[in-house]
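First to last, the protein sequences are chains C and L.
Sequential numbering of the first sequence, starting at 13, is according to the numbering used here.
Sequential numbering of the second sequence, starting at 13, is according to the numbering used here.
We treat Cβ as the ideally placed atom computed from N, Cα and C, and that holds for glycine.
Predicted model only: the values in this text are computed from it and were never measured.
Worksheet for the structure shown next.
2 protein chains.
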Amino acid sequence: MPSIGIFGTGNIAYAFAKAIVNTEYKLAGVCGRNIENSQIFAKKFYCPIFNSINEMNENIDIYLLAVKDDAIEELSEKINTEKLVLHCSGVQSIDILKQKNKGVIWPLQSINKESFIDFKNTPLCIESNSEPNLIALETFANSLSQSVYKITDKQKKYLHLAAVLSNNFSNHLLALAKNICDEHRLNFNILKPIMIQTVENAFIQHPKLIQTGPAIRKDLKTIDEHLQLLQNNKQLQSLYELLSKSIQEMK
Amino acid sequence: MPSIGIFGTGNIAYAFAKAIVNTEYKLAGVCGRNIENSQIFAKKFYCPIFNSINEMNENIDIYLLAVKDDAIEELSEKINTEKLVLHCSGVQSIDILKQKNKGVIWPLQSINKESFIDFKNTPLCIESNSEPNLIALETFANSLSQSVYKITDKQKKYLHLAAVLSNNFSNHLLALAKNICDEHRLNFNILKPIMIQTVENAFIQHPKLIQTGPAIRKDLKTIDEHLQLLQNNKQLQSLYELLSKSIQEMK
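So this is what it looks like as structure tokens:
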């Protein structure tokens with residue numbers, strides 16, 4: 013089976029390594045900027061350390077650049093290979109890779125080193141620059157996860173935007189709600205069941221069809237009361253107004 | 013055990029009735045404006061129909077006004093009783109009830125007639141106007157759910173605000189994300205695992221500590237790209253900017 017060389021020793025590198033060791037692919041080695049972190053990584057996954065990029069070339073079939081978004085391009089420039097080179101970023105285009113054979117394998121999940129990630133159920137969004145490369149990439153991705161989606165570079169940009177809107181911004185709204193609960197000595201966990209259910213329902217039918225709350229009801233009295241409660245936080249007031257307006261206009 | 017009389021035959025009335033029939037409380041009857049709906053309700057829960065409010069008084073110990081927010085006050089004015097009268101609204105104050113013995117039992121969950129609600133795990137927020145009434149209400153609430161929270165009228169206002177911010181507005185962000193996915197032929201389900209995990213994590217640690225995305229990273233290049241993608245939707249552009257600013261200021 014093909015061998016995978018991983019660049020980087022951060023969260024994404026760990027998540028991929030954990031997943032790879034459960035497949036028939038071989039984790040051929042790791043290459044990191046920090047030797048100490050590379051040693052910890054190598055020890056954890058029983059794989060060798062590559063001290064230089066050139067050392068890798070003879071041993072591996074797929075280069076997995078699991079490094080920070082803004083480090084991918086520079087690293088790619090240092091790699092001289094005909095083998096398949098992949099990055100894992102949702103932000104960066106496939107075009108920043110300089111190689112002839114290249115692709116993207118983007119796990120759409122929040123990945124921390126500590127948290128248990130069920131990689132088998134993590135959506136992997138893949139794209140490549142040629143049909144044979146895409147086949148190799150798809151085979152690799154299918155071995156790691158049951159949820160593999162072929163997307164184009166343009167689709168990736170919109171998917172990333174959709175993820176920011178829904179996921180990053182919802183998390184922030186939860187943070188704002190948590191602050192309000194803390195300030196008024198309310199147990200934030202009261203909101204957990206409704207949040208879980210709302211998210212689950214949103215994937216059963218279009219969330220606009222199950223929108224609830226004062227904005228969709230045009231309950232101006234409650235909206236005014238809420239704006240009153242937020243009178244010392246002009247920014248949150250504006251946010252509340254804009255979101256309410258947006259809900260009403262989607263209706 | 014005390015007998016409960018339910019006013020209303022909508023979603024909330026159904027959810028309470030389903031929960032009550034599994035307790036030692038007795039579902040004494042239903043009183044609805046629409047006779048046909050009352051008959052369906054009565055048949056489903058094997059309970060009598062009360063054709064008038066006066067008919068109820070001798071038979072029940074707790075009046076449960078499970079009617080629309082803006083129908084509570086008018087209904088309350090028609091009820092002449094010394095028994096405990098409850099409404100179920102998160103929006104309305106306890107003060108709109110005219111009775112001497114009153115309270116609120118607010119299920120903080122999205123409730124549809126069709127959807128299966130695990131009422132045992134639905135948070136019930138309760139308040140009452142006297143200690144003995146609160147004890148009776150708490151006993152009743154504890155029989156229905158494992159998650160009962162005593163709150164004040166002021167806390168209820170802030171909790172409702174927090175629920176709108178987190179739940180209603182997140183649902184709308186999901187709707188916006190769904191529209192983007194549909195427009196670009198992306199499977200919206202790709203976003204499900206990250207959304208579920210984000211919500212679950214938000215109740216483990218303060219969501220501001222696990223904020224991800226371009227705003228918290230001050231990744232201006234990605235933010236600009238996203239604003240470009242939204243150039244034909246000025247309102248969503250403003251929303252994106254305001255939410256990004258709010259994230260950066262919370263940091």
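- If you ignore the 5 residues before and after asparagine 145 of chain L, its C-beta comes within less than 8 Å of the C-beta of Leu96, Asn113, Lys114 and Gly115, all in its own chain and listed in chain order.
- DSSP, reduced to helix, strand and coil, places lysine 80 of chain L outside both helices and strands of the structure shown, so it counts as coil.
- Of L:Ala27, L:Gln104 and L:Phe19, the smallest CA-CA separation from asparagine 63 of chain L is found for L:Phe19.
- Counting only runs of 4 or more residues that sit fully inside the region 142 to 189 of chain L, the alpha helix (DSSP H) segments are 143 to 156 and 165 to 175, in chain order.
- For isoleucine 65 of chain L, the uninterrupted alpha helix (DSSP H) segment begins and ends at 65 to 68.
- Interface criterion met: the Cβ of histidine 238 of chain L is under 7 Å from a Cβ in chain C.
- Residue environment: glutamate 139 of chain C is assigned as buried (16 or more neighbouring CB atoms within 10 Å of its CB, all protein chains considered).
- A distance below 7 Å separates the beta carbons of proline 205 of chain C and glutamine 121 of chain L.
- Here methionine 68 of chain C is buried, its C-beta having at least 16 other C-beta atoms within 10 Å.
- According to DSSP, leucine 39 of chain L shares a beta bridge with L:Ile16.
- Inter-residue distance for phenylalanine 181 of chain L and threonine 35 of chain L is about 35 Å (C-alpha atoms, whole angstroms).
- Interface residue (Cβ-Cβ distance to chain L less than 7 Å): methionine 68 of chain C is not classified as such.
- In the DSSP assignment, proline 119 of chain L falls within the beta strand (DSSP E) that extends over 114 to 119.
- Alanine 40 of chain L and isoleucine 108 of chain L have their C-alpha atoms spaced approximately 24 Å apart.
- With a threshold of 7 Å between beta carbons, leucine 146 of chain L makes no contact with chain C.
- Any Cβ of chain L closer than 7 Å to the Cβ of serine 258 of chain C would place that residue at the interface, and such an atom is present.
- Considering only C:Lys162, C:Ile208 and C:Asp236, the residue with the shortest C-alpha distance to isoleucine 147 of chain C is C:Lys162.
- Within the same chain, and ignoring the five residues on either side of isoleucine 192 of chain C in sequence, the residues whose Cβ sits closer than 8 Å to its Cβ are Leu198.
- Take aspartate 165 of chain C, set aside five residues on each side of it, and the residues of its chain with a beta-carbon closer than 7 Å to its own are Ser105, Ile106 and Glu139, in chain order.
- Judged by DSSP in its simplified three-state form, histidine 218 of chain L adopts coil rather than helix or strand.
- Put simply, the region 77 to 90 of chain C does not touch the region 49 to 60 of chain C. Fewer than three CB pairs are less than 8 Å apart.
- Per DSSP, glutamate 139 of chain C is one residue of the beta strand (DSSP E) stretching across 136 to 140.
- In this structure isoleucine 216 of chain L is exposed. Its beta-carbon is surrounded by fewer than 16 other beta-carbon atoms within 10 angstroms.
- Residues of the region 216 to 231 of chain L that bring their beta carbon within less than 9 Å of a beta carbon in chain C comprise His218, Pro219, Lys220, Leu221, Ile222, Gln223, Thr224, Gly225, Pro226, Ala227, Ile228, Arg229 and Asp231, in sequence order.
- Taking 9 Å as the Cβ-Cβ cut-off, the region 182 to 197 of chain C approaches chain L at Ser182, Asn183, His184, Leu185, Leu186, Ala187, Leu188, Ala189, Lys190, Asn191, Ile192, Cys193, Asp194, Glu195, His196 and Arg197, given in chain order.
- Inter-residue distance for alanine 175 of chain C and alanine 189 of chain L is about 7 Å (C-alpha atoms, whole angstroms).
- Counting other Cβ atoms within 10 Å of its Cβ, asparagine 133 of chain L stays below 16 and is therefore classed as exposed.
- By the neighbour-count criterion, in which 16 or more other beta carbons inside 10 Å mark a residue as buried, leucine 149 of chain C falls on the buried side.
- For leucine 251 of chain C, the enclosing alpha helix (DSSP H) starts and ends at 246 to 262.
- Histidine 99 of chain L sits in a strand when the DSSP states are folded into three classes.
- Taking all protein chains shown into account, methionine 13 of chain C has fewer than 16 neighbouring C-beta atoms within 10 Å of its C-beta and is therefore exposed.
- Contact between glutamine 247 of chain C and histidine 196 of chain L does not hold, since their C-beta atoms are separated by about 31 Å, which reaches or exceeds 8 Å.
- For lysine 30 of chain L, the enclosing alpha helix (DSSP H) stretches over residues 23 to 32.
- Proximity of chain C to tyrosine 170 of chain L at the Cβ level (cut-off 7 Å) is accounted for by Ile192, His196, Leu198 and Leu241, in chain order.
- With a threshold of 7 Å between beta carbons, methionine 207 of chain C makes contact with chain L.
- For alanine 174 of chain L, at least one C-beta of chain C is nearer than 7 Å to its own C-beta.
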